[in-house]
Amino acid sequence: MVEGKKESIWDKMGSIDYRIIYAVFIVMLSIPIFSPLGIPMKVSQPVQDYYNAIVNLPPDSAILVHSFVDLSVWADTGPILIATWKTIWDIAEEKNIKIIAYTSLSDGALKMSDLLLDEIKPPQWRADSYGETWVDLGYIPVVNEPVQASFAADITSVAATDGHIYDVGSEWVGTPLLDIPVVKDIAARGGDPNVINVYDFDLYIWGSWGCTSPDQWVRQFWTTGNPLYELPMVMMTIGNCVPNVMPYYGADKPILGFVPGSAGAAGLELLCGHKGEGIVMADIGDLAGIATVFFLILGNVSYWGKRLFEKEER
Amino acid sequence: MLIQDQIGLVVSAIMIVSQLSLIVGDNFFFRWSTRVVIGFSVMHALIWGIYWSNRYAVQPIMKGELVWIIPFVLGLMMYTRLTKKWAWVSKYPMGLQLGVGFGVVVVSMIRSQILDQIKMTIVDLLGASSPYALLNAVLVFIGSITVTTFFFFTKEHTGLLGKSAYLGRAFIMCSIAVIWAGDYIWAMSMLAGQLQFLIRDFLFGLVLGGA
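Protein sequences, first through last, are from chains A and B.
Quick note on my numbering: the first sequence kicks off at 39 and runs consecutively.
Quick note on my numbering: the second sequence kicks off at 124 and runs consecutively.
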């Protein structure tokens, strides 16, 4: 702007103090916290597929669950994990679904101990049958590809014993993996009953906020092995990783379904019937979207106004 | 609520507000909280590193599983980077890690990220089950071809190649826009999570006593 020239309406629209913008966003994002709006929402196809992959598991299936707990992104990913576990716990006892779970981050192991005692408390029959129908191995640092490869080929090579840190089933802590009945049962499903590996599972439920993770897991759980592992997966992720997941998503592809961030978690909560944080976050996301679009329009009007009208004046 | 939980809430609230104070400009509280977070993160990682090294390496070694000495020593060799004189020693565990990593990745990468992707691009096109799926497959097919041509740098982007590269650039911009939108919504979710904590857990839960 030329010095001394009076600021036009277009300039004012395009140079709103960023503190005002932040204030508007904070007010908009706070509204659903005080009073959830219940904005109508549609469950997206990937979320529907994620849910279907879990609830439509055939009887006597075995699932491997990576409890995706990273406290730094908990606000966005926590609702997915909670809704996922609630969906898993709702699977009827008669289906005899066997579960092996773990976390790949150390702070995740701490958080899981709180969650499993409170928000995602297992149903009584699961709690009573820890070690028989499910087991949580606790923290296993499966975070880089060589470890993922070892984990896929033989879980005991990375986690020799049950190492969970909460009270449920604490008597099993330190037990060698293949001495745990549920692990022994699952290992017996594949080729070698003395080795527990990805051949023994029907579904892998996992999560990551690293956008290159789909590449890694697909490489190590789908296109490795002789014969190929080809373990179907469903994934918890964050919104900006969706473009990285899409190439692997589909009915005949490695990733059967995925939940992108807390907005996706809202859909999963609707499907499993346990409304929680995801619904609130979806409201917040919608309001944030409205505020964003408003400021985007304002910025564009400012740009085009300056370009069209100020040019004429000149 | 236990006293330690209350202290935790207060500390968390102070840290969040200090971080959000950047909105009004750089200030002491923002810088202080940033340093505290970094310091605690390093300490947290260090303590857990010692804990898990003990559990996965030291304890098995003490029980006679001597094979764990190898990764343990390799891990210790990494710390030679702290001295200029012995820093070269750290290149051995680093080289081993890179070599193993590359070996593990490269075999399946060709299949999962090149061959399977090419196959799926064609299969989706030929086997589309609905008009929407067909449209999607056509877009993916055209996008794949044109984006690939954008990265042909050995021939000048003129004529048909130029048009294809131009279209490819549009596809790249669209995909970047999707990534940016996802990133933005993610940031909003994170902000919302912190506001939720401040309003619900701290303000209503602690300050107003569950009002």
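Each residue gets a CB set at the ideal place from its N, CA and C atoms; glycine is no exception.
Because the structure is a prediction, the values reported are computed rather than measured.
Cβ separation of residue i and residue j, assumed to be a contact under 8 Å, to the nearest whole Å
i, j, result
"A/Trp172", "A/Lys136", "7 Å"
"A/Pro281", "B/Ser298", "6 Å"
"A/Pro179", "A/Ser142", "6 Å"
"A/Leu155", "A/Asp200", "The Cβ separation is near 17 Å, so there is no contact."
"B/Val263", "B/Thr277", "Between B/Thr277 and B/Val263 the Cβ distance is about 25 Å, and since that is not below 8 Å, they are no contact."
"A/Ile92", "A/Val272", "7 Å"
"A/Val81", "A/Leu308", "6 Å"
"A/Gly314", "A/Ile77", "Not confirmed; about 16 Å, so no contact."
"B/Leu318", "A/Ser110", "Between A/Ser110 and B/Leu318 the Cβ distance is about 17 Å, and since that is not below 8 Å, they are no contact."
"A/Ile243", "A/Ile138", "Not really, about 11 Å apart at Cβ, beyond 8 Å."
Proximal residues of chain B, C-beta to C-beta of residue i below 8 Å
i, result
"A/Ala225", "Within 8 Å Cβ-Cβ: nothing; A/Ala225 doesn't reach chain B, min ~21 Å."
"A/Pro285", "Gln240, Met243"
"A/Pro184", "Gln220, Val223, Gly224, Val227"
Neighbourhood of residue i by C-beta, 7 Å cutoff - its chain only, sequence neighbours within 5 removed
i, result
"A/Met39", "Confidence at A/Met39 is low in this model, with a pLDDT of 49, below 50, so its placement is unreliable and no value can be given for it."
"B/Ala334", "Caution is warranted here: a pLDDT of 49 is assigned to B/Ala334, below 50, making its placement in the model unreliable, and the coordinate value is therefore given only provisionally. So the list reads Phe327, once near-sequence residues are dropped."
"A/Glu268", "Trp260"
"A/Val339", "Met51"
"A/Lys291", "none"
"A/Ile218", "Gly169, Val173, Asp200, Trp210"
"B/Asp324", "Leu132"
"A/Gln258", "Glu183, Gln186, Ala187, Ala190"
"B/Leu257", "Ala251"
In DSSP terms, what residue i is bridged to
i, result
"B/Lys186", "According to DSSP, which records beta bridges pairwise, B/Lys186 is partnered with nothing at all."
"A/Leu241", "A/Ile101"
"A/Pro214", "A/Thr199"
"A/Trp172", "A/Ile137, A/Tyr168"
"A/Tyr287", "A/Ile293"
"A/Val272", "A/Ile243, A/Gly295"
"A/Tyr177", "A/Thr141"
Listed by chain order, chain B residues near residue i by CB distance under 9 Å
i, result
"A/Ala113", "Ser312, Met313, Leu314, Ala315, Gly316, Gln317, Gln319, Phe320"
"A/Val221", "The premise fails here: A/Val221 is roughly 18 Å from chain B at the closest Cβ pair, so nothing lies under 9 Å."
"A/Lys291", "Asp239, Met243"
Cutoff 6 Å; reference residue i; Cβ partners in own chain excluding five residues on either side
i, result
"A/Gly146", "Val107"
"B/Leu314", "none"
"B/Met201", "Ser213, Pro216"
"A/Ser300", "Asp114, Pro117, Gly316, Met319"
"A/Pro270", "Leu241, Leu294"
"A/Glu183", "Gln254"
"B/Tyr255", "none"
"B/Ser144", "Asn150, Phe152, Phe153"
"A/Gly343", "Trp48"
"A/Gly212", "Thr199"
"A/Phe189", "Val180, Val196"
"B/Gly291", "Thr269, Val270, Thr272, Phe273"
Nonlocal neighbours in the same chain, by C-beta distance under 8 Å from residue i, ignoring five residues either side
i, result
"B/Pro194", "Ala180"
"A/Leu266", "Trp260"
"B/Ala288", "Thr269, Thr272, Phe273, Phe275, His280"
"B/Phe320", "Ser135, Ala136, Ile139"
"A/Pro70", "Val318, Asp321, Ile322, Leu325"
Proximal chain A residues relative to residue i, where beta-carbon distance stays under 7 Å
i, result
"B/Arg234", "Thr261"
"B/Arg323", "Ile71"
"B/Asp302", "Checking the sequence, you will find Ile at residue 302 of chain B rather than Asp. Those within 7 Å of B/Ile302 in chain A are Asn278, Pro281."
"B/Trp171", "Ser144"
Residues that residue i contacts on chain B, provided the C-beta gap is smaller than 7 Å
i, result
"A/Gly277", "Gly305, Ile308, Trp309"
"A/Tyr60", "Ile146"
"A/Arg57", "Ile146, Val147"
"A/Met319", "Ser312, Ala315"
"A/Ala187", "Val227"
Per-residue contacts from residue i into chain A (C-beta, under 8 Å)
i, result
"B/Ser298", "Pro281"
"B/Trp175", "Ser144, Tyr177, Pro179"
Under 9 Å by beta carbon: chain A residues contacting residue i
i, result
"B/Leu191", "Strictly speaking, residue 191 of chain B in this sequence is Trp, with Leu absent from that position. Within 9 Å Cβ-Cβ: nothing; B/Trp191 doesn't reach chain A, min ~10 Å."
Check: In the stretch 64-77 of chain A, which residues sit with their C-beta less than 8 Å from some C-beta in chain B, listed in chain order?
Finding: Ile64, Leu67, Ser68, Ile71, Phe72
Notebook entry, point to check: Using a beta-carbon distance cut-off of less than 9 Å, what residues from the stretch 242-261 of chain A approach chain B?
Noted result: Trp247, Cys249, Asp253, Gln254, Val256, Arg257, Gln258, Trp260, Thr261
Notebook entry, point to check: Of the residues that make up the stretch 297-308 of chain A, which ones have a beta carbon closer than 8 Å to any beta carbon in chain B?
Noted result: Pro298, Gly299, Ser300, Ala301
Note to self: To be precise: take each residue of the stretch 215-231 of chain B, compare its Cβ to all Cβ atoms of chain A, and keep it if any distance is under 9 Å. Which residues remain?
What the structure shows: Gln220, Val223, Gly224, Gly226, Val227, Val228, Val230, Ser231
Check: Just by C-beta distance, which residues in the stretch 322-333 of chain A are closer than 8 Å to chain B?
Finding: Ile322, Gly323, Ala326, Gly327, Thr330
Next item on the list: Give the residues from the stretch 156-182 of chain A that approach chain B closer than 9 Å (Cβ to any Cβ), ordered along the chain.
Entry: Tyr177, Pro179, Asn182
Margin query: Under 7 Å, CB to CB, which of the residues in the stretch 190-201 of chain A have a partner in chain B?
Written below: none
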